[in-house]
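Numbering (this note's numbering), first residue to last: 6 to 640. In this text, a Cβ means the ideal position worked out from N, Cα and C, and glycines have one as well. See below for the structure under consideration.
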Amino acid sequence: MLERIREGSQGLTAKIILGLVILTFALAGVGSYLSTPTEAVVAVVNGEDISQASYDQALQRERARMQQQFGEMYDTLAADPAYMAGFRSDVLERLIDDTLQKQFAKQLGLRVGDEQVRVAVTSLPEFQIDGVFNTERFNALLRQAGYQPAAFREMVREDLATSQLMQGLIGSEFGLASEINLLLALQQQTRDLQYFTIPAARFADAIEITEDKLQAYYQQNIERFMTPEQVAAEYVELSAAVLAEDIEVTEQQIADYYEANKARFGTTEQREVAHIMLESEQDDAEVAAKAEALLTELQNGADFAELAKTHSADTFSAENGGALGQLVAGQIDPTFEAAAFALTEQGQLSAVVRSEFGYHIIKLTAFEPAVTRALTEVSTEIATLLRAEQATALFYDLQQRLAQVAFEQPDNLDEAADVIGAKVQSTALFSRTEAIGTLAQPAILNRLFEPRFIAERLNSDVLELAREHVVVVRVKEHVPARTQQLAEVTEQVTAAVRQEALAEQTKAFAADLLAQDMDLAGMAAKAEAEVIVSAATPRFAGSLATEVRAKAFAMPKPAEGQSSVDSVQLANGDVVIVAVDKVTPAEISSVPDAGQLEAIARQQAEQHYQALLATLKSQAKISRTLRTTVAADDF
């Protein structure tokens, strides 16, 4: 058999087949060298790619900023798929904006020289050690961030060019006093109004609800009738605070702790002093005599503060009557300190004291001796401390055992609860928005509603709720989100259809009134409504409904002797017919200060910047390929 195979392989046909096979593999190999994988892109802006890697870096930076800003609240936000889709889309739009700005800066011919780039890079504190640029640190941080030095320098060059564009836009803007006064006049403008309301309820008898209307509304708004995803959970909770409640502390333990920690239950001695200093670097009999004379005066009733102001060489304390404030041991001349701490009664004077600065007379101006609270006063406090210490030690021991047993017996919590002396707690079905208590924390909710965790139905690892407070959870029942049938929500759909129909009828009635050649009083009479007068209505205050106020101040100024009339529909379906009879501008006589001028300049600069971006975007050719929906485990 082998001999025949060997003979056949020597034939012409076999050699041709073998040659084709070799050629195929050779071409495939060459093709693998010639073709390089294309890097994924998330958008293309005027032919320039925004790579997936650039987007991922921007996403992580923004995520870190959000976590720092919102703390634990970020976990709740991240758990909302709709919010995260918007979050991802916003990051992409910012990258597109940045790309458009860089392209525009290049189009304007903005350039940044090598020296400017060098100064910018070397001045970044991230690359400095003790305020000096360090090349090794620079290279290490770039490697860590995945940048090559040349690529990083070009990125800095682009950013500096864009900064020139921004500085040109913002720096060239200015505010005028007339602009501020015009803005204030508009803000403080008042309007004389008349209005009446057409209630939607008046058309209730004319509304006919049919099955077709219910079905149409249900289909058009079917997303409103989704039931939320629900889980029922079991959990075991371990808390040092709860453990402390069952710990007994003996009187002997309290007494022993008190004796070992008396310093914790007392107040230290507090004393404040003042002094009069006669300056002398060496022993000087004349200066010493003068100090003794001052001491005699003080002992005879002279005012210490007045003598300090007049005679003390310590000018800083002399201004305050010689007061030095609270005395702290070890911070002043030893001789001075010894004399000051020898005083024991408020108002007591020292003898003349010689220090390295001169001669002093010291007065004890305030004195509170050290006090140690009695054991009976602090026994409750000590007992609490001892319970907390013992509870902490017990907590960490039980936490370790809880983690071990929950892992070894992953399909139930009974044994885990037994090992720590707790009970398994259970919940009824609940959604994310219905969670309460322990399970309402974002980290717990994220785990309970994680698809993989739901599918496995196993114990979680130990999840930290707070310091020395943990929980282990598992899902015992799961009800996925579903669309309710029309029969289940008929009452809700009927109410919505009725409200919608009432709003349409009311709006049509109001439009018919406005189309007729009548004044407001005539329209009100036909609508059987009462006209309400609101004279000198301000733009930002008063009891007028927000929608009515906004409409009134959006309407044009009426011609002399006439009124501007329009309508606005309220959220409840009612329609208000509004007439603006008079517009009264505010009299502005104040002169804007520099701060107001700067504020309006910033406001206008921001508006112009946003207008520039909008223009660049409208003129650009942009294609987006990013998937904005996000899986639960993406964050």
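Quiz prompt | Beta-carbon spacing of residue 436, residue 250 below 8 Å | solution = no
Quiz prompt | Euclidean distance between Cα positions of residue 399 and residue 381 | solution = 28 Å
Quiz item: Who are the Cβ neighbours of residue 403 in its own chain at under 7 Å, not counting the five residues just before and after it?
Solution: 243 and 425
Self-check item: Environment of residue 323 [buried if 16+ CB atoms lie within 10 Å]
Solution: buried
Practice problem: Report all residues from its chain with a CB closer than 8 Å to the CB of residue 589; omit the five preceding and five following residues, and keep chain order. | Solution: For residue 589, same chain residues with a beta-carbon under 8 Å away, outside a window of 5 residues either side, are 194, 195, 196, 197 and 541 in chain order.
Exercise. Return the residue from the list 511, 63 and 236 that minimises the CA-CA distance to residue 93.
Key: Minimum Cα distance to residue 93 is reached at 63.
Exercise. Determine the contact status of residue 105 and residue 625, defining contact as a CB-CB distance below 8 Å.
Key: Yes.
Exercise. Would you identify the three-state DSSP class for residue 528, choosing helix, strand or coil?
Key: Helix at residue 528.
Quiz item: What residue ranges within the segment 416-445 form continuous alpha helix (DSSP H) runs of no fewer than 4 residues, ordered along the chain?
Solution: 419-425
Practice problem: Check whether the Cβ atoms of residue 237 and residue 434 sit closer than 8 Å, and answer yes or no. | Solution: Yes, the Cβ-Cβ distance between residue 237 and residue 434 is below 8 Å.
Quiz item: Who pairs with residue 365 in a beta bridge, going by DSSP?
Solution: 282 and 358
Practice problem: Pick out whichever of 306, 413 and 245 has its Cα sitting closest to the Cα of residue 474. | Solution: 245
Exercise. Count the other CB atoms, across all protein chains shown, that sit within 10 Å of the CB of residue 42; report buried if there are 16 or more and exposed otherwise.
Key: Residue placement at residue 42 is poorly supported in this model, since its pLDDT is 46, which falls under 50; the coordinates are not used for a value here.
Quiz item: Grouping DSSP H, G and I as helix and E and B as strand, with all else coil, what is residue 547?
Solution: Residue state, collapsed to three classes: coil.
Self-check item: Three-state secondary structure assigned by DSSP to residue 584
Solution: strand
Quiz prompt | Sequence-distant residues of its chain with Cβ nearer than 6 Å to residue 327 (five each side left out) | solution = 279, 280, 281, 313 and 317
Exercise. Specify whether the segment 386-401 and the segment 345-365 touch according to this definition: at least 3 beta carbon pairs, one from each stretch, less than 8 Å apart.
Key: no
Self-check item: Residue span of the beta strand (DSSP E) that contains residue 242, given as start and end
Solution: 235-244
Quiz prompt | Same chain only: Cβ atoms within 8 Å of residue 407, ignoring 5 sequence neighbours per side | solution = The residues are 241, 243, 421, 424, 425, 467, 475 and 477.
Quiz item: Where does the unbroken beta strand (DSSP E) through residue 477 begin, and where does it stop?
Solution: 474-484
Quiz item: Is it right to say residue 325 is buried, meaning 16 or more other beta carbons lie within 10 angstroms of its own, or is it exposed?
Solution: exposed
Quiz item: Under three-state DSSP, which class holds residue 255?
Solution: coil
Quiz item: Between which two residues does the beta strand (DSSP E) carrying residue 573 extend?
Solution: 569-574
Exercise. Run the CB neighbour count on residue 268, radius 10 Å, all protein chains shown included, and call it buried at 16 or more, exposed below.
Key: exposed
Practice problem: Rounded to whole angstroms, what's the CA-CA distance from residue 270 to residue 341? Just pull it up for me. | Solution: Per the coordinates, the alpha-carbon of residue 270 lies some 30 Å from the alpha-carbon of residue 341.
Quiz prompt | Distance, residue 47 Cα to residue 631 Cα | solution = 5 Å
Quiz item: With C-beta atoms as the reference, is residue 57 less than 8 Å away from residue 69?
Solution: No, Cβ-Cβ distance for residue 57 and residue 69 is not below 8 Å.
Quiz item: Cα separation between residue 575 and residue 506?
Solution: Answer to the nearest angstrom: the Cα atoms are 14 Å apart.
Exercise. Would you please state the rounded distance, in angstroms, between the beta carbons of residue 274 and residue 373? I believe it to be under 8 Å.
Key: 7 Å
Self-check item: Straight-line Cα distance separating residue 412 from residue 405
Solution: Straight across, the Cα-Cα distance linking residue 405 with residue 412 is about 11 Å.
Quiz prompt | For residue 688, three-class secondary structure by DSSP | solution = Examination of residue 688 is not possible in this model, given that the chain is present from 6 through 640 alone.
Self-check item: Selection from 263, 140, 72 and 53 that minimises the alpha carbon distance to residue 102
Solution: It is 53 whose Cα lies nearest to the Cα of residue 102.
Quiz item: Out of curiosity, what's the CA-to-CA distance linking residue 553 and residue 65?
Solution: 44 Å
Quiz item: DSSP state of residue 119, grouped into three classes?
Solution: Three-state result, residue 119: helix.
Quiz item: Is residue 222 buried or exposed, if buried means 16 or more other CB atoms sit within 10 Å of its CB?
Solution: buried
Self-check item: Validate contact between the segment 197-216 and the segment 527-539 using beta carbons, cut 8 Å, 3 pairs
Solution: yes
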